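Residue numbers (our numbering): 48 to 159.
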C-alpha cells in the first residue's frame, strides 16, 4: 500500500471511530478495518495510528465490560462515563495528530 492509500484508509478508520462515539456499533467496523489494513501500512506513520486505535478500542471494550459489571454496585456508572470520555479524547487526539501528519505513540495510555 502506498503512502496516499495508507493515509486515505487511516482517514476512513478515524472517521468511523469518530462516528462510533455517538453510534457505538460502528466501532466494530472500524476495528475490523484497522486490524485488516494495519500490516499493509507497516513502515509508515499510519501503522502507528492503526495500532493506537486498535489498542484504544480494545482497552475501552475491556473497561466497558468492567464498568457494566460494576453497575451492580453503582460505581460502574462512573466507570462507564470515564471510559467514554477517555475513548472520545483519544480518538479526537489521534485524529488531530493524523491531520497534522504527525506520528503517534501507540503504547502511551495517557498524554503525559
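A virtual CB, placed ideally from N, CA and C, is assigned to each residue, including glycine. These numbers come from a predicted model, not from an experiment.
Handout entry: Outcome for residue 114 when other beta-carbon atoms lying within 10 angstroms are tallied against a minimum of 16
Key = Residue 114 is buried by the Cβ-count criterion.
Practice task
Just the C-alpha distance for residue 61 and residue 77, rounded to the nearest angstrom, thanks.
Solution key: As the crow flies, the alpha-carbon of residue 61 is around 8 Å from that of residue 77.
Problem - As assigned by DSSP and simplified to three states, the class of residue 156 - result: coil
Problem - 7 Å Cβ shell around residue 151 - same chain, five flanking residues per side excluded - result: 95, 96, 99, 141 and 144
Practice task
Determine, using beta carbons only, whether residue 125 comes closer than 8 Å to chain C.
Solution key: Going by chain labels, chain C is absent from the structure shown, which holds only one protein chain.
Practice task
Would you mind reading off the limits of the alpha helix (DSSP H) that contains residue 123?
Solution key: 123–146
Problem - Nearest-angstrom Cβ-Cβ length linking residue 109 and residue 80, presumed shorter than 8 Å - result: Their Cβ separation, rounded to whole angstroms, is 20 Å, which puts residue 109 and residue 80 out of contact at 8 Å.
Handout entry: Close Cβ partners of residue 117 (< 6 Å) along its chain, the five nearest in sequence each way excluded
Key = 123 and 126
Practice task
Could you tell me the boundaries of the alpha helix (DSSP H) in which residue 80 lies?
Solution key: 73–85
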